[in-house]
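In the working numbering, the protein residues as written are 430 to 590.
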């Protein structure tokens with residue numbers, strides 16, 4: 430529920446200094462204030478916003494065919510515009526900031542990984558390809574795992590990883 434509707438439901442009806450006549454086809458609002466309401470809405474005080482809201486509420490009670498385009502646009506903006514609870518959470522360009530931040534975090538994590546890897550001791554001598562080939566030959570000579578392993582007939586398996 431928007432703040433304006435909540436205020437109108439809670440607060441008693443108040444009369445403001447500027448009132449409009451519902452009978453007239455053009456109102457006080459249809460001048461410059463409604464033509465550019467999207468740009469000026471944020472700069473208005475909450476009392477002025479509420480006053481415009483109430484005036485538009487009175488205007489909307491008339492036949493919609495008699496309303497001007499500016500009055501219709503203003504009514505739509507006040508009811509459904511990007512203000513109050515419908516204000517966008519992120520502004521324009523927020524996606525690029527998130528992408529750059531994610532890229533920086535991944536880069537930092539990769540840098541930490543490379544630093545940790547550079548400080549690690551070398552792999553043990555049993556991980557060298559020469560040692561692995563010697564182990565494969567030894568297993569074949571001892572006939573280890575003759576069914577499905579290294580010593581099986583026609584096997585091309587190796588200990589090398």
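All C-beta atoms in this analysis are idealised placements derived from N, C-alpha and C, irrespective of residue type, glycine included.
Just so you know, these numbers come straight off a predicted model, no measurement behind them.
Per-residue DSSP class, three states only, for residue i
i           : result
residue 573 : coil
residue 520 : coil
residue 548 : helix
residue 508 : helix
residue 474 : coil
residue 486 : helix
residue 480 : helix
residue 578 : coil
residue 496 : coil
residue 526 : helix
residue 565 : helix
residue 464 : helix
residue 501 : helix
residue 515 : helix
residue 558 : helix
residue 583 : coil
Residue i and residue j closer than 9 Å at C-beta
i           : j           : result
residue 580 : residue 573 : yes
residue 488 : residue 466 : no
residue 557 : residue 586 : no
residue 486 : residue 463 : no
residue 470 : residue 509 : no
For residue i, the nearest candidate out of the options (CA to CA)
i           : options          : result
residue 475 : 550, 512 and 521 : 512
residue 504 : 522, 484 and 534 : 484
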